[in-house]
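Undergrad: 1 is the number of the first residue of the sequence shown in UniProt numbering; add one for each residue after it.
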Amino acid sequence: MRYGHNPHVVGWQIDNELAEPSFDPEAHKAFHAWLQHKYGTIENLNQKWWTSYWSQTYSDFGQIPVHDAEENPALLLNWKQFVTDTWVSYVHNQTAPIRQHALPSQFITTNTMGWFDGFDGYTLHQSLDLVGWDDYETDWTDNAARHDLARGYKNKNFWVTETDPGFVNWRPNNLAHDKGEVRALAWQAVGHGADAVEYWQWRAALNGQEQYHGVIAGADGNPAPIYSEIQTLGAEFEKAAQALQGTSPHAQVALLHDMPSRWAISFQKQVEDFNPVKALTAFYGPLRHRAGTVDVVSPRQNLASYKLIVAPGLNVLPHETAEHLLAWVRQGGHLLLGPRSGMKDAENALDPHLQPGPLAPFLGAHVSQFYGLVQPVPLSLGQTQGTGTLWAETLVPTDPGTQTEGSYAPSNGWLDGQPVAISHQVGKGKITYLSTIPDAATLDAYITTQVRDAGALSPLADLPADIEACLRTGKDHTVLVLINHARTPVTFTLPQTMAGADLFDPKQAASGQITLSGYGVRVLTLPNPA
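#1: Taking only three categories from DSSP, how would you classify R2?
#2: What separation, rounded to the nearest whole angstrom, lies between the Cα atoms of L337 and S298?
#3: So what does Q425 bridge to, in DSSP terms?
#4: Looking only at its own chain, which residues have a Cβ that is under 6 Å from the Cβ of R522, when we skip the five neighbours before and after it?
#5: For D178, which residues of its own chain have a beta-carbon under 8 Å away from its beta-carbon, when the five flanking residues on both sides are left out?
#6: Using CA coordinates, which residue listed in G417, D273 and D295 is at the minimum distance from residue 571?
#7: Report the residue from A144, A421 and H67 whose alpha carbon sits nearest the alpha carbon of P397.
#8: Do the segment 3–13 and the segment 61–68 touch if we need at least three Cβ pairs shorter than 8 Å?
#9: For S511, which residues in the same chain have their Cβ closer than 7 Å to its Cβ, ignoring the five residues on either side in sequence?
#10: In terms of residues, what are the limits of the alpha helix (DSSP H) holding Y122?
#11: From the DSSP output, in three-state form, read off D134 for me.
#12: R340: buried (16+ other C-beta within 10 angstroms of its C-beta) or exposed?
#13: Determine the extent of the alpha helix (DSSP H) in which W79 is found, giving its start and end residues.
#14: With DSSP as the reference, label Q331 as helix, strand or coil.
#15: I'd like the span of the beta strand (DSSP E) that includes H477, first residue to last.
#16: Would you mind giving the Cβ-Cβ distance between P249 and L457, rounded to the nearest angstrom? I have them listed as a contact below 8 Å.
#17: Measure the C-alpha to C-alpha separation of residue 592 and T525 and round it to an integer number of angstroms.
#18: For A189 and A144, I'd like the C-alpha separation in whole angstroms.
#19: Of all the options A205, L280, G214 and F237, which has the alpha carbon lying nearest to the alpha carbon of Y227?
#20: Tell me whether the beta-carbon of H192 lies closer than 7 Å to the beta-carbon of D129.
#21: Is the segment 339–359 in contact with the segment 377–387, if contact means three or more CB pairs nearer than 8 Å?
#22: Hey, would you say G386 sits closer than 7 Å to D439, going by beta carbons?
#23: By DSSP, does Q36 sit in helix, in strand, or in coil?
#24: For L326, which of P276, V294, L354 and P361 has the nearest alpha-carbon?
#25: Taking three-plus beta-carbon pairs below 8 Å as touching, is the segment 308–315 in contact with the segment 443–458?
#26: With a cut-off of 8 Å, do at least 3 Cβ pairs link the segment 396–412 to the segment 245–259?
#27: Please classify L204 as buried or exposed, where buried requires at least 16 other C-beta atoms within 10 Å of its C-beta.
#28: Give a yes or no on contact between the segment 350–360 and the segment 316–336, applying the rule of three or more CB pairs nearer than 8 Å.
#29: Which one of A392, D134, A445 and V451 has the shortest CA to CA distance from K430?
#30: Considering only the beta carbon of each residue, do V490 and L460 sit closer than 7 Å?
#31: Output the distance between the C-alpha atoms of T84 and L415, rounded to the nearest integer angstrom.
#32: So, under 8 Å CB-CB, residue 531 and E393 are touching, yes? Tell me the CB distance rounded to an integer number of Å.
#33: Taking V296 as the reference, give the member of D258, N111 and P286 with the closest Cα.
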């Protein structure tokens with residue numbers, strides 16, 4: 001292999017943006033073989049899928065259709081899992097010959113796409129050495145969540161394998177980033193664990209579908225206006241490289257992102273506007289603001305390092321996953337479940353034990369009924385008067401040790417006076433169930449309380465709304481990246497515990513009152529506590 005032992009080759013990218021499945025006859029045959037391998041007999045499949053409903057009983061695996069939005073929920077979930085396994089096989093077919101000839105130091109990656117739901121990214125990335133993702137998000141909070149998702153796939157640093165140098169060409173309105181914003185977003189990526197930021201594209205193609213896409217060099221080969229900003233950024237990265245080497249974000253709080261649950265809700269939204277990703281990111285914003293670093297992980301990963309785990313919609317909850325979570329709670333963890341949690345089993349069938357399924361006995365309560373919402377319903381939660389949105393559930397305590405929190409105000413009659421949340425001690429820890437998605441202000445206040453009670457409140461929790469603080473910790477020191485995502489200057493106070501040295505200008509104050517210009521960035525190095 002020509003480049004397998006070339007010391008200048010650091011790694012390999014296979015393919016580009018793995019995306020859509022095939023529905024051709026070969027895919028049909030492969031799906032049927034996959035199902036037969038999983039279930040053994042068609043009778044077993046019929047029993048697990050409850051195919052007698054609507055007279056869907058099959059007599060042969062070859063009768064089973066492929067993905068269709070109106071099909072049996074078990075079929076739909078199995079199709080997604082089959083597609084994931086097929087992509088894993090495809091990745092193996094590409095990586096195997098590379099590994100045979102490449103140096104062990106050369107990594108293999110590909111570029112995935114944020115919240116893309118065509119396959120389970122947690123499963124797929126176990127076959128790759130490094131997570132790479134294509135970052136074209138414009139909202140900085142949503143962008144932060146996507147970075148943390150990329151880091152969470154393997155619980156390690158990642159690469160941004162594509163991002164735009166200013167603007168794209170495929171949105172309805174393709175507006176340019178403000179001057180300085182490209183630099184700020186690149187430092188945000190690094191702050192969240194990126195060890196490389198790569199731009200698409202270098203030079204404008206004279207023809208093709210992306211003629212209007214942002215570039216670093218124009219069609220004439222000369223630098224575009226953004227060139228100098230990226231040149232400055234490159235010089236900063238070079239200067240910061242030694243300090244960043246061996247550092248990574250470390251979180252005390254995790255947000256659970258479970259693909260089977262996300263798929264299950266997407267198949268049966270019940271309410272048109274119920275978007276499982278938006279429900280997830282509604283919780284991410286206040287968690288990020290109050291706890292600092294947040295890991296976006298699968299419920300099947302190692303959870304030992306977390307004090308608080310938030311699962312906004314853990315809809316599919318197999319018994320083995322519930323046991324994994326319970327083991328963590330018993331050791332002192334606080335698990336906060338959101339609405340629609342514990343409704344389904346591994347086959348996407350309703351759990352007859354009612355929500356939250358296998359966790360209901362430990363919560364000391366269950367959900368007696370759910371209600372899709374188009375109009376918000378009034379509620380009180382803690383010291384806040386607010387509303388519940390999209391979904392609400394009636395919680396019924398079943399244990400005298402259960403504690404109720406808040407209540408619904410009069411609305412549809414069914415929810416009136418019912419508790420909004422319920423908590424129960426389990427071993428050294430606690431499980432809390434929140435039965436709705438509160439409005440932003442109410443959710444922020446509630447999450448603040450949960451983070452504080454779990455002992456995970458960040459010393460940087462009270463920074464202004466547009467200031468982002470990212471921490472990367474190594475063996476001897478921590479790198480603090482401060483970013484102003486606003487157009488205008490922002491002045492704030494940095495806690496004395498965060499005092500350090502400015503990496504680019506040691507003469508600047510690195511504690512106390514700090515002013516960041518619009519899209520300004522400061523990078524500080526802090527000694528780790530003894």
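Don't be surprised by glycine CBs; every beta carbon is placed ideally from N, CA and C. Everything numeric in this text was worked out from a predicted model, so none of it was measured.
TA: Reading off the structure:
#1: Coil at R2, not helix or strand.
#2: 14 Å
#3: The partner list for Q425 (beta bridge, DSSP) reads K430.
#4: L482
#5: R487, G518 and Y519
#6: The question about residue 571 has no answer, for the chain in this structure spans 1 to 530.
#7: A421
#8: no
#9: L494, Q496, M498 and A499
#10: G121 to L124
#11: Judged by DSSP in its simplified three-state form, D134 adopts strand.
#12: buried
#13: P73 to H101
#14: The DSSP-derived three-state label of Q331 is coil.
#15: H477 to N484 is the extent of the beta strand (DSSP E) around H477.
#16: At roughly 17 Å, the Cβ-Cβ gap does not stay under 8 Å, so P249 and L457 are not in contact.
#17: Coverage of the chain is limited to positions 1 through 530, which leaves residue 592 absent and any answer about it impossible.
#18: About 8 Å.
#19: G214
#20: no
#21: no
#22: yes
#23: DSSP, read as helix, strand or coil, puts Q36 in helix.
#24: P361
#25: yes
#26: no
#27: First, the residue type needs correcting, since residue 204 is Ala and not Leu in the sequence shown. Label assigned to A204: buried.
#28: yes
#29: V451
#30: no
#31: 39 Å
#32: Given a span of 1 to 530 for the chain in the structure shown, any question on residue 531 remains unanswerable.
#33: D258
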